[in-house]
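To convert, count from 1 in the sequence shown and add 74; that's this note's numbering.
The C-beta atom is built at its ideal place from N, Cα and C for all residues, glycine as well.
Working notes, beginning with the structure itself.
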Amino acid sequence: MDRVIDVLKQQNIDLSETARATLEQYMEEILRMNESINLTAITDRDEFIQKHYVDSLLCAGDIAGKEFDRVLDLGTGAGFPGIPLAVVFPEKQFVLMDSLNKRIRIIQELCEKLGIDNVTAVHGRAEELARNKSYREKFDLCVSRAVANMSTLSEYCLPFVSVGGMFIAYKGPDCEEEVTAAAKAIKLLGGGTAMIYKPKAGQLPFEHTFVKVKKEGKTPKTYPRKAGTPSKKPIA
């Protein structure tokens, strides 16, 4: 876990012994379950720490000390980046959403077993949950490592973010063209100008570039469109 400690220190965040132990336990549980249920393609512990923990926590500095008290991880998969962030920030509330119920049940089970009590795991599609009054524009921050182009991902995520909040997308290293192409969609959905942030070269190796979008206005009621449409026909 030394790399996790280092990447957090670079962001002026200390990892408590309790948090470190919880991250160790969560990794062990996921790798154990992965032998019978496909949760992650990564089975080497060092690679797991780098690609699931360090990568997830590279945006921790954006959350520390900010008024991001309610955080959504959309398309969480096996709990990334939501679980590492929730463990580091136990004072904040996290909702982890995924369309595959099997993953959500596992996250619920592990959070209960490991005492991660600031996480709620929710099953459903973004297009449907974003129309639920309990979730629509109720989050200070939405993070997502889900695989989708920026236009589609914005339609999934921005409807959940309250005005004044933030959406952070984990994207590949060369995402400038994709982000530029999504500018119209982002504006239409209530977002401001997308800012691309790449971790400094002096930091530990990283997997993603971050695209940050501030929510400046309410998302029109017509969005997100019905299930499947954002991916098949991205806003152009």
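Buried versus exposed, by CB contacts within 10 Å (16 or more), Ala275: Per-residue confidence for Ala275 stands at a pLDDT of 47, beneath the threshold of 50, marking its modelled position as unreliable; no derived number is given.
Three-state secondary structure assigned by DSSP to Thr283: strand
Could you check which residue in Lys300, Ile79 and Glu211 has the C-alpha nearest to that of Cys231? Glu211
Round the Cβ separation of Val162 and Val217 to the nearest angstrom and send it over; I've been treating them as touching at under 8 Å. Actually they do not touch by this definition, with Cβ atoms about 13 Å apart.
Would you give the residue range spanned by the beta strand (DSSP E) that Gly265 belongs to? Note, Gly265: premise wrong, no beta strand (DSSP E); not H, not E.
Euclidean distance between Cα positions of Ala222 and Ser305: 7 Å
Please go through the same chain and pick out, in chain order, the residues whose beta-carbon is closer than 7 Å to the beta-carbon of Cys209, but skip the five residues on each side of it. Here residue 209 is Tyr; the residue named in the question, Cys, does not match the sequence. Excluding residues within five positions, the ones whose Cβ falls inside 7 Å are Leu203 and Phe234.
Keeping to the same chain, check which residues put their C-beta closer than 6 Å to that of Tyr244; ignore five residues upstream and five downstream. Arg219 and His282
DSSP three-state label for Thr92, please. helix
Can you grab the Cα-Cα spacing for the pair Ala257 / Lys187, in whole Å? 42 Å
With H, G and I counted as helix, E and B as strand and the rest as coil, what does DSSP make of Ile116? coil
DSSP beta-bridge partners of Asp147: Leu170 and Val217
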